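In what follows, a structure is listed as structure tokens, so that the remarks can point back to it.
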């Protein structure tokens with residue numbers, strides 16, 4: 001401690017003390033650091049994400065799955081329906097790394113070709129739920145009042161029917177049973193979850209002063225909602241959408257497993273697992289490979305959602 | 001002021017310590033260093049702080065946010081949050097170094113020897129346990145009392161802390177308490193085991209001034225009678241000077257200056273302390289003067305004429321219903337009734353604003369001052385035409401706001417703009433500063449892209465921010481910088497009136513002074529009129545020409561600022577004035 | 001409190017009618033012959049078509065049909081199943097075993113989910129936390145029928161630790177493996193919820209104040225951190241009870257349990273539409289009831305709600 005400048009009450013430790021001014025340079029109050037690079041909210045999140053192993057692994061896996069779904073021909077020259085009963089339940093051999101199913105189909109080819117319908121269902125159902133749920137949630141949260149009561153009750157009704165139960169009933173009576181049908185059925189029962197999350201986020205943003213500021217500028221409610229409220233409420237919706245994409249893929253497989261998902265003529269992981277269950281005791285690998293592909297795909301989306309949540313959640317960032 | 005301190009010494013925990021040596025420091029912090037670990041780097045929070053507290057003494061640590069004052073106090077209790085740790089220095093409590101004491105050792109000290117009164121009464125009580133339970137817990141943990149005795153003692157402690165009807169209140173939950181009542185509960189808990197040192201971390205900053213004063217008076221009385229030493233952490237220099245014998249001023253993790261309270265205040269030596277004393281709103285006594293008033297008023301009239309011309313060119317007709325002369329805003333018998341959604345079938349009615357009338361003269365600042373629940377912000381919302389009026393009317397430039405059609409309302413928006421309290425909430429975090437300031441121009445279709453950019457540059461210059469700021473995002477700016485951006489956005493449409501709703505309350509003292517000066521300069525330059533909503537009479541004195549004092553929705557007093565300060569006519573106004581911390585302290589030259 | 005319960009009950013009414021209407025409309029208002037669609041690709045046996053038409057009052061206007069259907073639900077008259085037995089009888093047989101299965105699942109979720117979640121939350125950022133978080137993600141990601149088959153194959157058939165399928169006697173031992181499989185996904189959710197809730201509460205101001213009172217760490221954790229953290233977890237467990245009944249479809253199918261899920265599973269794969277609709281309706285009712293219970297539980301656990 002430097003020498004005290006003045007000492008009127010010489011109680012030890014409480015002498016008058018003045019730090020030398022150069023020790024604590026007085027910066028110009030509240031000046032801006034002009035050297036740091038500009039950083040937008042999304043830019044920050046991206047910088048965060050780039051360094052996360054969870055994000056890198058999951059996005060690499062998702063890229064792979066999407067490539068397989070778009071162009072399965074790049075990965076195998078076998079067709080999924082090139083089956084020969086002579087090959088029934090045979091083990092792996094050159095050109096057929098995973099062996100054959102009971103009907104003598106190449107397991108590897110079926111796993112590769114099974115990706116497309118699953119990914120298609122996931123993507124379409126996610127688009128559908130985010131569009132419907134997002135719109136309903138944003139309107140209910142932003143405008144409140146009677147509109148909110150009405151929309152929330154309607155959402156409650158759909159929410160009261162668990163996804164798988166609702167899908168069972170609706171799929172029972174649907175015709176066609178393509179990826180589109182399954183995605184539509186999942187959308188019907190999946191949108192309330194997105195709506196709830198969007199509504200909550202918009203309700204929170206609506207309190208912010210920049211919303212009032214925008215109204216005070218003369219912007220219409222609609223434009224305030226679109227330009228300010230929704231962009232700021234998007235992060236939890238992005239997270240739930242990513243996770244849901246995985247969940248929808250799993251649900252589609254479950255429905256196909258129950259025999260009411262995709263039509264049996266469509267090559268899908270769920271259908272193949274269902275077909276393989278009877279030979280579980282003798283040939284577990286027939287069931288295992290499509291199950292592994294399915295689980296890994298679902299896992300990548302859920303992992304991605306988790307990584308994105310960490311990057312976007314301001315609370316998580318402090319940790 | 002009466003204190004319900006039990007007189008007898010037969011009660012548990014009520015033993016006067018006789019072995020106390022008042023000449024030895026109770027707490028002696030020497031060259032304390034604290035760092036936090038963030039993104040793999042050590043960030044220093046406290047760099048060599050020293051302070052000494054003697055038994056029975058009140059010592060205040062004063063500083064702005066980020067000065068390390070709270071961190072130092074928490075280090076004393078061994079309660080550093082997250083990754084914080086003491087890297088060097090000593091914390092001597094009764095001669096023993098506790099800077100690196102183990103959990104067990106600290107547990108023995110906490111509550112029993114060192115008590116804590118935390119900052120925010122809303123978040124510091126556990127919502128799922130009763131008040132009584134949470135006080136009892138402190139008694140049982142420190143071996144003061146148990147069983148039925150603890151129950152009795154808890155009620156006594158609450159009563160001692162100034163809570164009426166304490167016995168019944170022990171069965172209630174925190175959410176049934178007001179902020180002041182919760183803070184009294186926290187004081188009861190902090191003093192439950194009769195600690196020798198009480199750390200009070202901004203104990204009243206979340207409360208209204210009058211409640212703040214009552215609680216501080218009470219705490220003062222209690223600790224004096226019990227002989228408890230107090231380490232008072234505060235951002236308010238006036239409050240520190242009023243309550244403490246010794247002051248430690250901290251700045252960026254270091255002690256800038258320390259010494260006897262009055263001496264530091266009246267004769268500050270360090271440049272930082274000097275500026276702090278100058279800026280403290282509770283201590284300064286005059287309106288910021290940076291322009292000749294008559295010129296300002298003249299400019300305001302000219303600005304109004306320009307605005308008229310603009311509106312007429314756009315709209316054609318502009319028919320005032322009354323000639324309001326020099327008054328740009330006239331509020332007549334304004335009333336707002338809210339219907340609360342109660343538990344009953346019919347909602348309860350709340351009269352938030354009750355028959356309020358006042359007017360704002362062109363080129364001047366009218367302040368509306370009041371505590372929480374006074375209805376001052378509701379008035380602002382109605383003047384801004386953002387909230388429907390229940391009865392009465394607001395005349396802007398002679399035109400009744402309720403009679404505006406859609407087109408006229410849109411034009412009105414250009415002429416009156418708001419600035420809000422929370423600098424973190426008033427800018428859209430997804431918008432760049434450029435987009436934020438440009439938004440009003442775009443909404444009102446002013447100019448083309450090029451002229452708008454020139455305008456944004458000009459506005460940033462007006463609020464003294466470098467033009468490079470426009471590429472940045474709100475999360476990169478400090479509170480004061482954001483508030484300046486908010487001012488720039490409000491000025492974009494060349495309004496005549498700014499409605500500032502607690503526009504500087506969330507800012508640190510020095511930044512607050514800076515923004516107030518900026519607002520004052522802008523008023524002079526552009527002839528603006530301000531409606532300034534605040535709870536802080538100190539701020540009123542710095543910026544306002546006229547004042548309205550509101551209480552529970554009603555206007556209790558309206559006069560010029562000088563009159564209100566020199567000669568308050570209403571008891572409530574006097575009460576508010578008396579409650580300004582440090583208001584009675586005479587400053588040296 | 002009374003107001004709160006009353007309001008909840010009132011809110012249930014439109015949801016009840018809405019949900020039943022939705023299920024009813026789904027089946028009977030979709031284009032195509034609803035009766036024929038109910039049977040999937042198999043053509044209905046002769047006579048059955050007319051019988052069902054009469055049973056569902058298809059000749060009457062839609063609203064009358066719906067009201068008769070609601071009356072059926074309220075009087076527990078769900079019509080006759082494919083086999084000729086009343087659906088109510090099927091349910092009475094099926095529910096007890098499913099309830100036992102759900103209890104096992106719930107116990108697994110509560111004990112392991114809360115236990116691991118608490119430890120992970122207290123040691124946030126540590127090795128245990130990281131491991132448990134990854135494992136829980138994997139459990140959530142693997143569809144329940146895959147978990148079921150793998151468990152059946154590894155634990156039941158290869159290691160022979162537990163019975164691989166459930167026989168007629170339906171003993172607790174036989175139900176253990178399907179119970180664990182049924183609770184697996186929710187276990188992972190409970191774990192993550194507890195972990196996050198504990199971690200959040202740990203940094204709450206009131207926890208610091210409790211520590212400052214001089215309380216010991218175990219006391220702070222149990223009285224102030226855990227008590228507050230369990231509020232969302234307990235409510236999740238409540239809602240899950242209803243969801244478990246629905247999740248039992250796959251699990252009971254795999255392990256051959258003759259519970260609600262098993263019956264529904266059989267009905268689904270055999271295309272017995274009428275039984276499916278009745279069972280789904282009842283399960284939705286159970287789900288609604290569970291969420292009502294959760295709301296009440298919430299009011300008991302959180303004093304702030306009681307007076308809201």
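Chains as they are written, first to last, in full-length UniProt numbering: chain A, 1 to 319; chain B, 1 to 589; chain C, 1 to 308. Even for Gly, the Cβ is constructed at its ideal location relative to N, Cα and C. A quick note: this is a predicted structure, and the numbers were derived from the prediction, not measured.
Interface partners of residue i on chain C, CB under 7 Å
| i | result |
| --- | --- |
| residue 302 of chain A | 137, 140, 141 |
| residue 241 of chain A | Correct list: empty, because the minimum Cβ distance to chain C is about 16 Å. |
| residue 142 of chain B | 214 |
Coarse secondary structure for residue i, derived from DSSP in three states
| i | result |
| --- | --- |
| residue 392 of chain B | strand |
| residue 357 of chain B | strand |
| residue 41 of chain A | helix |
| residue 93 of chain A | strand |
| residue 179 of chain C | helix |
| residue 560 of chain B | strand |
| residue 51 of chain A | coil |
| residue 533 of chain B | strand |
Residue i: contacting residues in chain A (beta-carbon distance under 7 Å)
| i | result |
| --- | --- |
| residue 440 of chain B | 217 |
| residue 273 of chain C | 172 |
Counted within 10 angstroms of its Cβ, other Cβ atoms place residue i as buried (16 or more) or exposed
| i | result |
| --- | --- |
| residue 46 of chain A | exposed |
| residue 348 of chain B | exposed |
| residue 567 of chain B | exposed |
| residue 67 of chain A | exposed |
| residue 208 of chain C | buried |
| residue 222 of chain A | exposed |
For residue j and residue i, the rounded distance between their alpha carbons
| i | j | result |
| --- | --- | --- |
| residue 64 of chain B | residue 257 of chain B | 14 Å |
| residue 5 of chain A | residue 20 of chain A | Because the pLDDT of residue 5 of chain A is 40, which lies under 50, any placement of that residue in the model is unreliable, and the number read from its coordinates should be weighed accordingly. C-alpha separation (whole angstroms): 10 Å. |
| residue 312 of chain A | residue 141 of chain C | 22 Å |
| residue 14 of chain A | residue 55 of chain B | 13 Å |
| residue 97 of chain A | residue 184 of chain A | 36 Å |
| residue 216 of chain C | residue 48 of chain B | 31 Å |
| residue 266 of chain C | residue 252 of chain C | 10 Å |
| residue 147 of chain B | residue 23 of chain C | 58 Å |
| residue 119 of chain B | residue 137 of chain B | 20 Å |
| residue 305 of chain B | residue 497 of chain B | 14 Å |
| residue 33 of chain B | residue 90 of chain B | 9 Å |
Check: residue i C-beta below 7 Å from any heavy atom of the ligand NAD
| i | result |
| --- | --- |
| residue 307 of chain A | What this structure holds is no ligand at all, so the ligand NAD is not there to describe. |
Contact list for residue i against chain B, beta-carbon separation under 7 Å
| i | result |
| --- | --- |
| residue 231 of chain A | 430 |
| residue 18 of chain A | 257, 269, 270 |
| residue 21 of chain A | 270, 271 |
Cross-chain neighbours of residue i in chain A, by beta carbon under 8 Å
| i | result |
| --- | --- |
| residue 420 of chain B | 209, 212, 213 |
Amino acids of chain B, ordered along the chain, whose beta-carbon sits closer than 8 Å to that of residue i
| i | result |
| --- | --- |
| residue 13 of chain A | 25, 28, 50, 51, 52 |
Chain A contact residues for residue i, given Cβ-Cβ distances below 9 Å
| i | result |
| --- | --- |
| residue 427 of chain B | 209, 210, 213 |
| residue 415 of chain B | Result: empty, since nearest Cβ-Cβ is about 11 Å, beyond 9 Å. |
Proximal chain C residues relative to residue i, where beta-carbon distance stays under 9 Å
| i | result |
| --- | --- |
| residue 51 of chain A | Those within 9 Å of residue 51 of chain A in chain C number zero; the least Cβ separation is about 16 Å. |
Between the segment 278-289 of chain A and the segment 175-190 of chain C, are three or more C-beta pairs nearer than 8 Å? By the criterion of at least three beta-carbon pairs nearer than 8 Å, the segment 278-289 of chain A is not in contact with the segment 175-190 of chain C.
Taking contact to mean 3 or more Cβ pairs, one atom from each stretch, closer than 8 Å, check whether the segment 468-476 of chain B and the segment 347-367 of chain B are in contact. No, because fewer than three Cβ pairs between the segment 468-476 of chain B and the segment 347-367 of chain B fall closer than 8 Å, the two stretches do not touch.
Flag this pair as touching only if the segment 138-150 of chain C and the segment 241-258 of chain A have three or more C-beta atom pairs under 8 Å; answer yes or no. Touching, yes.
Quick check: the segment 68-88 of chain A against the segment 97-114 of chain A, are there 3 or more CB pairs under 8 Å? In this structure the segment 68-88 of chain A lies against the segment 97-114 of chain A, because at least three pairs of beta carbons, one per stretch, are closer than 8 Å.
Below 8 Å, can you find three or more Cβ-Cβ pairs linking the segment 188-208 of chain A to the segment 139-158 of chain A? Contact between the segment 188-208 of chain A and the segment 139-158 of chain A is present, because at least three Cβ pairs lie under 8 Å.
Report yes or no: do three or more beta-carbon pairs, one from the segment 240-257 of chain B and one from the segment 484-498 of chain B, lie closer than 8 Å? Fewer than three Cβ pairs drawn from the segment 240-257 of chain B and the segment 484-498 of chain B lie within less than 8 Å of each other, which leaves the two stretches out of contact.
Flag this pair as touching only if the segment 116-134 of chain C and the segment 192-200 of chain C have three or more C-beta atom pairs under 8 Å; answer yes or no. Yes, the segment 116-134 of chain C touches the segment 192-200 of chain C.
Measuring CB atoms only, is the segment 101-108 of chain C touching the segment 229-245 of chain C, in the sense that at least three cross pairs come out at less than 8 Å? Yes, the segment 101-108 of chain C is in contact with the segment 229-245 of chain C.
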